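What the sequence shown shows, in numbering that gives the first Met the number 0, is residues 0 to 253, in sequence order.
All residues carry an ideal CB built from backbone N, CA and C; glycine is no exception.
Quick caveat: nothing in here was measured; it's all calculated off a predicted structure.
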Amino acid sequence: MTVSPTTTNLVQPGPPRAAPNAGLAGFLRELVRRKPLGAIGGAVFLIFVFFGVFADLLAPYGINETNLRARLEGPSLSHLFGTDHIGRDVFSRVLKGAQVSMIVAVVTSAFATVVSVAIGAIAGYFGGRLDSVIQRFVDAWMTFPDLVLLIVVISVLGPGATQIIVILGLLYGIGGSRIVRGAVLSVRENTYTRAAQSIGAGWGHIIWRHILPNIAPVVIVVFTTRISAVILVEAGLSFLGLGIAAPAPTWGGM
Numbered sequence: 000m001t002v003s004p005t006t007t008n009l010v011q012p013g014p015p016r017a018a019p020n021a022g023l024a025g026f027l028r029e030l031v032r033r034k035p036l037g038a039i040g041g042a043v044f045l046i047f048v049f050f051g052v053f054a055d056l057l058a059p060y061g062i063n064e065t066n067l068r069a070r071l072e073g074p075s076l077s078h079l080f081g082t083d084h085i086g087r088d089v090f091s092r093v094l095k096g097a098q099v100s101m102i103v104a105v106v107t108s109a110f111a112t113v114v115s116v117a118i119g120a121i122a123g124y125f126g127g128r129l130d131s132v133i134q135r136f137v138d139a140w141m142t143f144p145d146l147v148l149l150i151v152v153i154s155v156l157g158p159g160a161t162q163i164i165v166i167l168g169l170l171y172g173i174g175g176s177r178i179v180r181g182a183v184l185s186v187r188e189n190t191y192t193r194a195a196q197s198i199g200a201g202w203g204h205i206i207w208r209h210i211l212p213n214i215a216p217v218v219i220v221v222f223t224t225r226i227s228a229v230i231l232v233e234a235g236l237s238f239l240g241l242g243i244a245a246p247a248p249t250w251g252g253m
């Protein structure tokens, strides 16, 4: 009796199919569907960034271009936001003020984040007495009222963008180091950190290669939350006459 060999059908795998929501368009659709409030907030933030970056191109008039015949005009096609008491176009000055505010906010937030990471990483990694001394210093720093401290320091040093960036960077950086310290304390106890210590890796290498990459989400949140806070504080200082000096337009000064 002849037995016919069994034929095995091999299915050749085809080319991988693209995910239905792949690409930037798919990501944006999913973001709007799952996180509508976050998408709206992101859109508003991007609009502010766009107008701030291209303020010089979008402004129809010069920021200090005066026209005494057009003083205190209401909104119109020629002046979308009207004019101020010496005939300057308010819309052009608002755009330039957005640019100034964004520059100050981003630079200050970046400086504050660096300060927070430096203090929080050292305090959280070493712990012990060093951590206790640093935390007592942070506690003492946070007891000072923010606005009062800013007014005193700027009254002594004088108004200006550099002074605001340095003072707000230290103010938010030292206070925000507690958040970074908490994240470092949790990462420090992980197995890969202990393994790096056991093979003799230095503390700088461990912090740079093992701890900082794993607390990056916390650092990003600290940076983004500082931007809005700095914009509000800078506007408040400018309103009190202690912010960026004239003739540079600022939202608080206007």
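Rounded to the nearest angstrom, how far is the Cβ of residue i from that of residue j, given a contact under 8 Å?
i: SER176; j: GLY119; result: 4 Å
i: PRO248; j: GLY96; result: 5 Å
i: ALA122; j: ASP130; result: 5 Å
i: ILE62; j: SER91; result: 6 Å
i: ALA58; j: LEU94; result: 5 Å
i: GLY174; j: MET141; result: 5 Å
i: ILE164; j: LEU241; result: With a Cβ gap of about 14 Å, ILE164 and LEU241 do not count as contacting.
Among the options, whose alpha-carbon lies nearest the alpha-carbon of residue i?
i: ARG225; options: THR190, TYR171 and VAL147; result: TYR171
i: ILE178; options: VAL137, ASN63, GLU188 and PRO158; result: VAL137
i: LEU236; options: THR223, ILE102 and TRP250; result: TRP250
i: LEU211; options: ALA58, LEU56, GLY157 and VAL113; result: VAL113
i: ALA98; options: ALA160, LEU79 and SER77; result: According to the sequence shown, residue 98 is Gln rather than Ala. The shortest Cα separation from GLN98 among ALA160, LEU79 and SER77 belongs to ALA160.
i: VAL183; options: ILE206, ALA200 and LEU36; result: ILE206
i: ALA228; options: LEU148, THR107 and ALA244; result: THR107
i: VAL52; options: THR192, ARG33, ALA38 and VAL105; result: VAL105
In three-state DSSP terms, what is residue i?
i: THR142; result: coil
i: ASP88; result: strand
i: THR249; result: coil
i: ASN20; result: Per-residue confidence for ASN20 stands at a pLDDT of 49, beneath the threshold of 50, marking its modelled position as unreliable; no derived number is given.
i: THR65; result: coil
i: THR6; result: Low local confidence applies: a pLDDT of 48 at THR6 is under 50, so the model's placement there is unreliable, with the coordinate-based value given in what follows. If DSSP states are grouped into helix, strand and coil, THR6 belongs with coil.
Could you name the residues of the same chain whose beta carbon sits closer than 6 Å to that of residue i, not counting the 5 residues immediately before and after it, in chain order?
i: ALA69; result: THR82 and GLY86
i: ASN66; result: GLY86
i: LEU30; result: ALA38
Can you have a look at residue i and say buried or exposed, based on whether 16 or more other CB atoms are within 10 angstroms of its CB?
i: ALA24; result: exposed
i: SER100; result: buried
i: VAL116; result: buried
i: ARG180; result: buried
i: ILE230; result: buried
i: ILE198; result: exposed
i: VAL132; result: exposed
i: GLY40; result: exposed
i: ARG32; result: exposed
i: LEU156; result: exposed
i: VAL103; result: buried
Taking 7 Å as the CB-CB cut-off, is residue i touching chain B?
i: VAL151; result: In the displayed structure, chain B is absent; only one protein chain is listed.
Only counting the same chain, and skipping five residues up and downstream in sequence, which positions put a Cβ closer than 7 Å to that of residue i?
i: GLU72; result: HIS78, GLY81 and THR82
i: ASP55; result: none
i: ALA244; result: PRO158 and GLY159
For residue i, which residues in the same chain have their Cβ closer than 8 Å to its Cβ, ignoring the five residues on either side in sequence?
i: ILE219; result: none
i: TYR124; result: VAL183, ARG187, TRP202, ILE205, ILE206 and ILE210
i: VAL152; result: GLN162 and ILE166
Please find out if some non-hydrogen atom of the ligand ATP comes closer than 6 Å to the beta-carbon of residue i.
i: ARG28; result: This structure simply doesn't include the ligand ATP, nor any ligand for that matter.
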